[in-house]
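Working notes for the structure below.
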Amino acid sequence: MKIKSVNLNSFFILIISVTIFSCIDNSNTLFFQIDSKTSNVKFNNQIIENDTLNILNEEYVFNGGGVAAADFDNDGKTDLFFTGNQQPNRIYLNQGDFVFKDISESAKILAQDKWSTGVTYVDINNDNLIDIYVCAAMHKNNRDNMLFINKGVDPQTGIISFEEKASEYGIDDSGNSMGAVFFDYNKDGLLDLFVLNNEQSKTIPTNYRKKITDGTAVSNDKLYKNNGDGSFSDVTIEAGITIEGFGLGVAISDVNYDGWPDIFIGNDYITNDLLYINNQDGTFSNKIRDFIKHQSMFSMGVDISDFNNDGYPDIVSLDMLGETNYRKKTTISYSNYETVLLNKKWDYQTQHSRNMLHLGNGNNIPFSEIGMLSEIYQTDWSWSPLFFDADNDGLKDLFVTNGFPRDITDKDFSDFRQSVSRYVNNSSILDCIPVVKKPNYSFKNNGDLTFSDKSSDWGLGIDSFSNGAAYADLDKDGDLDYIINNINDEAFIFKNTSEKFPDNKSLIIRLKGPENNITGIGSKVVTRFKGGEFQTQEVYHTRGYMSAVENIIHFGFKNIDKIESVEILWPDGSFEKFSDIGLKTEIEFEYQNSNKRDDTILSFPLVNKNYEIILSETAEKRNIDFKHSQIDQADFHSQRLLPRKISESSPKIITGNFNNDDLTDFVISNSKGASPKLFLQTDDGKFNEYDLFDPDHYNQYNYEDLIAFDYDLDNDLDIIFLANKEDYSRQIFETKIELLRNKGNGNFELESDKFPKMNSQGSIIRINSNTNNEVSDVFIGGKTRIMGYPYSDKSLIFKKVGGEFKNVTDKVFGNFKPKGIIKDAHWVDINNDNIKDLVVLSEFYPIQIYLNESGILKPLNNSGIENYSGWWQSIESFDSDNDGDMDLLVGNIGSNNHYNISNDTPVSLVSKDFDENGFEDPIIFSYSKSKKGELKMYPVTFWGNLNRQSPFFRKKFKSYKQFGSADFNKIFSEEELKGAIKLEVNFDKTCLIENLGDGKFKVHILPNKSQFAPIFDFEKADLNNDGLLDLLLIGNDYGNEPFIGPYDALSGLVLINTGGNKFEVMEEEKSNFVVPGNARDIEKITNLKGDNSFLVSQNSGELLLFEMSKK
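In terms of the working numbering, the sequence shown opens at residue 3 and continues consecutively.
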């Protein structure tokens, strides 16, 4: 028998591999941590503080380092590069099977005298070798960024080495850099460089001040143009990169689908995030207000990817909001309305301390921020977000690193430091700072815009101080492994074991680009499946935080028979397509095989969609120029514990033919200090505008609501206004029901004595007409006053008796008057007896349905919806299923909130004048995680807000830690709760309520996009001529409490009725129904031809008019 020789190195690797995979087979987690004894990756970004360098005098000391994954030695395996702060950089060559070789010293990349931060890679000199760009910070006299030119493998020694040449190339930026990205900003075929800088000036970075927008700020990012001759030129100012920012994250994407790369920057502290849109002429303009409605306050890392496979880029930015109640309540002092006022004064866009997930809705449509609906908004002190499909199911999951060695945001520590800093040295203070060592997060994409926390299930539940991270297919098995740079711990390498899911497959796409861009930076790739489904990705190496991912495009897919095609659009427009590739696991695109751009064969998502839009906004064309101006009532100053503003409910619209010319006109209400307006339509479809009141009148009243009907039965429409007068200093609160009698041809005369005097204030007015179309009943919903929440004034019913309206409330309602904070009401025939019944919506109550029995309104019980208690907002009715009875559309607060509302975890409102000072103390409670991970009911508000509310609360706790541990049972004693009201919301969804007949109803939740924000109104119209009424929804609430900030994720929505009480979302680009503001009312209006148009009012915004574009 002949014995063959055995390579001992190969044998050793084989044994290690068997050991690794044996462990993996016994694991139930998706990821398996590779021990450093196996991998030889022992990099540890250890940071040691001293008297001169510590968290007290350098807040960025623990911002950590990054990791880059690339094939540096061209052996076909992905290697790793880690940046160190006080530690030297390290490079590890992949030997296969998760075994690496440390060649850092011979590679000459250590940079031991530098504080290295971000890292990225590029073939900068077009020699088919990957070069490394490393950012530096901290040491003012020694923080030039570094460019390590790859000199390749020495054939004599077999060793790869690098040479630092940043100065030679002109990119040795010294601006305290946090990261960098290579991209071709001017599409000249050469890769340029954007450097993200974060230099702290003498000004405290959290203080409001005038923005610096001329490029003179100490902390200004840099753009370097590739000259094509081995040098770069600083073109920062001439390119328009001129706005100050404390940048921590940068991502490149074609955000507006014009084929040119744009720049998204996540900025820390007071400076707003930036979205530099490429002007296609070598310059950029910051257009973030046009795309993003609100931002993270302390933005860390960012990533851009299409996580929901709709073809539009989505943006995630990270912040520091803790997941447990304890972390929230010990790191946040109070919700401060002053920030809202200061943002307006200094022209800052609103920012909030939580993760943001901005969902792309299409070209030139604002993004929808849905972090709370998606349940990824609270991951503590977070750094790197990365979208990638970890389990190969065709959906990109989200991975987040977090942790911080010394939590200087701890409020008890802040108080302690302030009180003792004059008496003790820094080392003593340092020992008192809490530690935030937390597991990283991994969120599984559920495919419905939500994510599930799988951190523990997927094997990532290890406490750490983690910063930069990258993904790569380290073992070439078709799934993505995960690499993390840690502070004071060895780096993590997690092997992905997605082979546990045999139905899940993957496709790896590699690119071989043109000479000046060998890795294909800026390319767009799409994989298409049958049925029109697809996945897409743009190619940029810099992702997440301080890091660069492997240069591959990875697509997972589940239960797919075959891949229809894979297509690439190179940055210069060249195109290539592979068809009928079956279930290949890997393909490569080579630029030299591509064809010149042919727009006739390009389709979405490689290029923008070419929709034939349904609606066009035509207010200016129709001579409508109305902008509502809301006087800020500072509700939160008057009543600190309000969950949402009360004062921003207008303007409302009514339509009708007010001058008897067969054309539909409209009236819009206004705020105090401005007259309601009458718009009369002319034959050419335009409108003429008229004031309805003179200044002496409208300066006294706020016009809460209005209706139109023929009061005096003279065949023209009169107008009824609900006018409130409020003088808080003198405690004067009154409401008038005012009649504007139509004298013909749209001329009106004010009469204020046609309704009985009201001893309460009203918020809504709704009329009931009899079979002769005569108004028989008027319902006035009671108004909740600022300082009076959660109570409303009495709701009233006026009935027309003998030609006059009389207050018949007690007779009509008896002992069953409407409860709660009245938000809306609707007269509708519920039981098909040809008599309209009344449906009333109130916050924190089930829907209240009153059947009209001979003029007496009696509550309907056992309806099937009595257990749905909502944060209701609006109601409309129509026969959704064409079965002959009226169904209900009900607008709710939506699911994009932080209250964690469900039947098992309701949000509760407890209110009482606890300190007996004459004012209510309303406390909102919701279920949140305790330190042990148990769901308990805690106050939503912060200790600072309770302290400011009353000494009653101030004396209960001596520290933020005590308050952070106090659940409902520790906030109030049984004695203190005597006489308090307790209300609940267990349902937050906007829904269709199907009328089943016989007083029974069934709830149908409307599509997920309907849950993005509170819905303030609906309109119905058959938009596609199929005989079914479709829906137009408007909403948002910019008056939500200031810490969480505005509920503003809706920009108008069209739902197409598909029958059977089911609706589908029409893409915003197709509908073109774009209502981005604080929308309050929508009304249908017709022109002389009978064509439908839709008026939409916005609080503190423009009045919009949408006309049908396609018949």
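For glycine and all other residues, C-beta sits at the position ideal for the given N, C-alpha and C. Note that the coordinates shown come from a computational prediction; the quantities given were computed from them, not determined experimentally.
Where G261 is concerned, there is no enclosing beta strand (DSSP E), because DSSP gives it neither an H nor an E. Using a Cβ-Cβ distance cut-off of 8 Å, the region 883-890 and the region 902-914 are not in contact, since fewer than three pairs of beta carbons, one from each stretch, lie closer than that value. If you draw a straight line from the Cα of D53 to the Cα of P207, it is about 23 Å long. Below 8 Å, too few C-beta pairs join the region 551-562 and the region 236-253 to call them touching: fewer than three. Residue state for N1089 is assigned as coil, using DSSP reduced to three classes.
Note on G480: 16 or more other CB atoms within 10 angstroms of its CB, so buried under the neighbour-count rule.
Sorting V69, F591, S1102, I1017 by C-alpha distance to the C-alpha of I1084 places I1017 at the top. Taking all protein chains shown into account, R424 has fewer than 16 neighbouring C-beta atoms within 10 Å of its C-beta and is therefore exposed.
Look at W383 here: in three-state DSSP terms it is coil, with no helix or strand label. Burial state of H639 is exposed, judged by a 10 Å Cβ sphere holding fewer than 16 other Cβ atoms. In this structure, K623 is the residue among E590, G584, K623 with its C-alpha nearest to the C-alpha of N690. For W874, no beta strand (DSSP E) run applies, since DSSP gives it neither H nor E.
For G866, the CB contacts under 7 Å within the same chain, skipping 5 residues up- and downstream, are K1002, F1003, K1004 in chain order. Distance from the CA of D417 to the CA of N949, rounded to the nearest whole angstrom, comes to 15 Å. If you compare the alpha carbons of F164, D129, G160 with that of Y135, the shortest gap goes to F164. The closest CA to that of F681, considering only G658, D414, P861, D99, is found on G658. Taking the Cα positions, L250 is about 55 Å away from K738. Put simply, the backbone Cα of S179 is about 49 Å away from that of I1058.
D81 sits in a strand when the DSSP states are folded into three classes.
When DSSP states are grouped into helix, strand and coil, R956 belongs to the helix group.
Where M939 is concerned, the enclosing beta strand (DSSP E) starts and stops at 937-941.
Your pair N200 and F536 does not check out as a contact, with CB atoms roughly 37 Å apart and the cut at 8 Å. DSSP places D292 within a helical segment (H, G or I) once states are collapsed to three.
Between V780 and I766, the C-beta spacing is not below 7 Å. Assignment of beta-bridge partners to W572 by DSSP yields no partner. Where Y700 is concerned, the enclosing alpha helix (DSSP H) starts and stops at 697-700.
In the three-state reduction of the DSSP assignment, M180 falls in the strand class, which pools E and B.
At a Cβ-Cβ threshold of 7 Å, S1095 and L1106 do not count as neighbours. For L948, the secondary structure class from DSSP, reduced to helix, strand or coil, is helix. In chain order, G284 place their CB closer than 6 Å to the CB of N188, counting only its own chain and leaving out the 5 sequence neighbours on each side. Within the same chain, N949 come within 6 Å of R956 by CB-CB distance, once the 5 residues on both sides are set aside. Straight across, the Cα-Cα distance linking K598 with S605 is about 15 Å.
Looking at the DSSP output, Q850 bridges to V842. The continuous alpha helix (DSSP H) containing Q964 extends over residues 962-966. The region 556-621 contains, as complete beta strand (DSSP E) runs of 3+ residues, the segments 565-571, 577-584, 588-592, 617-619 (chain order).
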